[in-house]
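The next block holds one structure in the form of structure tokens; read it before the comments.
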Amino acid sequence: MIHSLRGRIIALCVSLVLLTSLVSLASSWWSTNRFNDQKLREDINVAENVFKQYLSAKESLLLTAAKVLTADFGFKQAIATQDADTISSVLNNHSRRINADLMLLIDLSGQLVSANTEFNHTPDEFSALMNELLINAEQSNFIVLDQTLYQVILLPVRAPRTVAYSLVGFEINDLVAAELKNLTTMDVSFIGEEDGVVETSLTKQPQSDSVLAHFNNKTTQRIFGEKPVYRNRLVELPSLPGHFVSVLLSADLTQSYREFEQLFFTIIVLAAITVVIGVLASGILAKNLTTPLSKLTLLAQQFARGNYKAEFVGKKQSSEITTLVDAFNNMGNDIQEREQQISFQASHDSLTGFYTRSAMLESMENLFVEGAEYTLVAIDIRGLRHINDKLGPRIGDDCLKAVAERIGEYSAHHNGVNARIGGDEFLTLLPADETKQFKDAVMKLVTQLQAGYLIQSLNITLRFSVGVVHCLSQNVSPEDLMRRSLIAVDTASCEHKTIHYYQEGEDEEHLERLAIIDELKQALVDDDGQLFMTYQPKLNIKTNCIDKVESLIRWQRKDGQWVSPELFIDLAEQSGVIVELTSWVVKTVVSQVAAWQQQGITMQAAINVSAQDIAYPSFYSHLAKQLEKHAVNGRLITIELTERDMIENEEQGIKALENLKTLGVKISLDDYGVGQTSLGRLKSLPIDELKLDKCFILQLDQSRQDQYIVQSTVTLGHQLGFSVVAEGVENKDSLDILVQNKCDYAQGYYLSRPLKSEQFLQWLEVYNEAS
Amino acid sequence: MTFFSHCARTVCSFVVLCCSANAFAGDISFTVRDQFGKPLADAVIELESNANLPSTQLPIAIMDQVDKQFSPNVLVIQQGQSVDFPNSDNIRHHVYSFSSAKPFNIRLYADRPEKPELFDNSGVVVLGCNIHDSMVGYIYVANSANTLKTAEDGKVQLKGITLPASLTIWHPNQTSEINKKLSVTVTEQVADITINTNEPAPRNTFGEMFKADNDS
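Protein sequence lines, in the order shown, are assigned to chains B and V. Just so you know, the first sequence maps onto residues 2 to 772 in my numbering. Just so you know, the second sequence maps onto residues 81 to 296 in my numbering.
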């Protein structure tokens, strides 16, 4: 299968031409053949007619001449003499008059009387011959006498009555045949089959065959096989029964074959020429068609590479191609435009027109000049979300636009570059040449920003957190610069400052914190003992037994440094690692409780959990699985939540807690008293235990206020059905007070600090022995 | 028709036979017919006789040429008789004969030839005209004086004949050779004699070729 357009056009053209040629060849062959055949048949018909006419005319002549001869008085007289020699001489003489080859005198009984001198043979059955001839008197017949063929006529000699018969005849020989050939253009052969006589116009006698066989069977090798050389027509001549004479007219077909073949070859040559022309023409056509196509392909490839400036170079084409080329060029332009648009949109914020973060980095790369100083200012709009919620996102967008406008105005004066990163954060890079005193510049900017805005006829005042980094270009990469500015703005935001100037090391701190998070993640994965649980015993005041512990996580990094739990838990919560962390803690504590059970120690354990964890759907299933796996009763587990965590999505939290309670676990409210839990909330939350914050317990023995608080809290808790745990028991007096107040559990350094499992067991043993 | 005449003839012969038991001498009349029963004119009946006739007393017979035809068609003469050939046409004729009884040649002449021709052999002489192929005539040179030609009705009467008589019959169109004579023995007074004849040969040899009007 031909795949190229060029090939197909050529193939189509060639096959069309070939088809046409073949068809015309076939049809002209067929019609020429038919025509030839017909012509030949007609020619033979004509030849036969001519021959017959000739014979007839000859016969008339013969008859007339012979009649006159035999009516000649002298002839009659000579015959009357009955002198053989006289008669013979007369026959001889008279036959010469008409160039007759044969003149015989036969008497009435059929006996040969005399003959012209050239004729010597006396056949036997003359009377029979004569009788036969007499049947068609005055008509010539063809007879064979003495191996010679004659055309003869038998005429009566009347003197005045028939006294004898005269046989006049003309010899039919090769010359006659040749003369006839000239007349009819066909080979003429007189054939006396029974007598074995053949007179033919063939110039060369065939060696092997008889003449008849020669004419009938001779073939010639032509292009399309063997073909007969002659087309024959056999004409019967008047002759005697048993001695039939006929003439064979043979048309030589060689010439017609030759002509036909010439025609054939001519057509083939013409067809070949036409094919060649067709191929050339179609080649040109195809080229004209495919060249612009391939040029357009190249153009398209250029477009694909992003070179939209490429143009079609070529001479004038057909209108379709021209249209296509124009379309291509337009496409190139359009694509270029759109690409530019998209590029712009990719690197610019649609709302403000400022660079995006990545575009900003790029432009900083390009902008930075060796030895120059730069100030990068990060601006955060405080409370924009609040505005969006309260006034609607359109107002919010307008605010953004307005702020961006002011930043843009400002930085335009100072050849700055602006970006908007994040929903409400902007960056502006100010080259330092213009702003030697960069702090003044920043102040000016901030002042401008802080002026009131008129957004849709609303007077709005916006507050900002601004972080500023100032540096030399060679010291710092754009990424670092940007990161530092964001750290600075973050710091400003956290510390509620308007402007915070980046200090050396903040970046490192930040990075350090990121490193801790990564390490924590890794430690969780490795579970190689960096992370471990410690347990602080809780004294059951009623039973005076240690039947509960609080599990606390500790982390000693690989390099031996301890990481404070507040820090890494805080970081974990911020980064979301808390989920894995809590999961690990649950697993560890539950298996620890199970291990203790194995050792015959039934110990409840409290796990500190954040609200994030509770909200996580898999927390429940994970806990349930662990309980099941280690065959630990849910009642042995207490979930400690801090108050502040409760504030978020109340409904969801309550649902999750209720769910957890189906496992049998207890819910404990940690740091009670320092948070924001309302008493109403307390009513509705499904908790089992309150943990009094350590700030109330640390100096319980000395603070009257604390004692009152503890007292009332225990009462309140008990009345609401909760147990109360006091945390931070430092001395015996405090413990006594708690006992007095009927607090349920006490926990603190007075009892023990948090201990690892083995140490705890040891301590427990010692304690149990002591009490 | 033939059968009827056949029967008639047989009856006649029988009657004649009954009527004449004895030898007869007197007149005999013949009717000569062809093989189809048609009476033939110009038939010549010759009675054999040994009597020699003085030739000097014989007159000169006439064979005229009238309207390009010999007149009479058949002329009966005695051996030793002479025949003159007057030309009554206003055109010349060239009279000839190749018959062995009397071959002669009178070249183109008008009116009368120089002298009459003497026919001193008996036999049949066929006459022709060289320039008129259609002219044919016959001279019957008889041995005996008792030679007569039948009339148009085919009848002829011979006087003083003794029965039975032997005679010869000849007709120009007879099928047998022209010089032969048919021998017949007659026993009755009135007899029919049959002789086979051909259709007369066409006279004009070139006629059919050129489609000219035939003279005959």
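Ideal Cβ positions, reconstructed from N, Cα and C, are used throughout, including at glycine.
| Check | Outcome |
| --- | --- |
| Start and end residues, alpha helix (DSSP H) containing B/Glu49 | Leu6 to Ala72 |
| Inter-residue spacing [alpha-carbon to alpha-carbon] between B/Val153 and B/Thr65 | 13 Å |
| C-beta contact flag for B/Leu41 and B/Ser257 at 9 Å | yes |
| V/Asp107: first and last residue of the uninterrupted beta strand (DSSP E) it sits in | Ala105 to Arg113 |
| CB contact flag (B/Leu661, B/Tyr617, <9 Å) | no |
| For B/Leu691 and B/Val740, believed in contact at Cβ under 8 Å, the rounded distance | Their Cβ separation, rounded to whole angstroms, is 17 Å, which puts B/Val740 and B/Leu691 out of contact at 8 Å. |
| Proximity test, Cβ basis, 9 Å: B/Lys77 and chain V | yes |
| Minimum Cβ-Cβ distance from B/Arg42 to chain V less than 9 Å | no |
| Stretch-stretch touch, CB-based, cutoff 8 Å, three pairs: the region 470-481 of chain B with the region 363-378 of chain B | yes |
| Residues near B/Ala12 by beta carbon distance below 6 Å, same chain, minus five either side | Ile3 |
| Contact list for the region 165-184 of chain B against chain V, Cβ threshold 7 Å | none |
| CA nearest to the CA of B/Val767, picked from B/Ile547, B/Gln653 and B/Gln700 | B/Ile547 |
| Opposing strand residues paired with B/Trp563 [DSSP bridges] | B/Gln557 |
| Inter-residue spacing [alpha-carbon to alpha-carbon] between B/Phe74 and V/His174 | 11 Å |
| Short Cβ contact (9 Å threshold) for V/Asp213 with B/Ala72 | yes |
| Interface residues of chain V facing B/Ala81 [CB-CB closer than 8 Å] | Phe178 and Pro183 |
| Beta-carbon spacing of B/Ser141, B/Pro239 below 9 Å | yes |
| Segments assigned beta strand (DSSP E), at least 3 residues, entirely inside the region 662-734 of chain B | 667-673, 690-693 and 724-728 |
| For B/Ala771, three-class secondary structure by DSSP | helix |
| Start-to-end residues for the beta strand (DSSP E) that takes in B/Met361 | Where B/Met361 is concerned, there is no enclosing beta strand (DSSP E), although the alpha helix (DSSP H) it sits in stretches over Arg358 to Leu368. |
| Within chain B, the residues that V/Ile258 reaches when beta carbons sit closer than 8 Å | Arg162 |
| Of the listed residues B/Thr87, B/Ala67 and B/Phe76, nearest to B/Ile99 (C-alpha basis) | B/Ala67 |
| Cross-strand partners of V/Asp164 (DSSP beta bridge) | V/Ile142 |
| B/Asp196 - containing alpha helix (DSSP H), residue span | Neither: B/Asp196 is in no alpha helix (DSSP H) and is coded neither H nor E. |
| B/Ala405 versus B/Arg395: straight-line alpha-carbon distance, rounded | 15 Å |
| Proximity of B/Ile608 and B/Ala657 at Cβ, strictly below 9 Å | no |
| Nearest to B/Asp508 (by Cα), restricted to the options B/Gln575, B/Ala452, B/Met483 and B/Gln531 | B/Met483 |
| Reduced DSSP secondary structure (H/G/I, E/B, other) of V/Ser214 | coil |
| Cα-Cα separation between V/Val216 and B/Leu156, rounded to whole angstroms | 19 Å |
| Cβ of B/Arg98 within 9 Å of any chain V Cβ | no |
| Reference V/Gln269; option with closest CA among V/Gly240, V/Thr248 and V/Asn278 | V/Gly240 |
| Beta-bridge pairing of B/Thr643 - partner residues as DSSP gives them | B/Asp671 |
| Spatially closest choice to V/Ser298 from V/Asp114, V/Ser168, V/Glu128 and V/Ala105, by CA coordinates | For residue 298 of chain V there is no data in the structure shown, the boundaries of chain V being 81 and 296. |
| As assigned by DSSP and simplified to three states, the class of B/Gly226 | strand |
| Interface flag, B/Ala72 vs chain V, CB-CB below 9 Å | yes |
| Extent of the continuous alpha helix (DSSP H) run through B/Asp86 | Ala85 to Arg98 |
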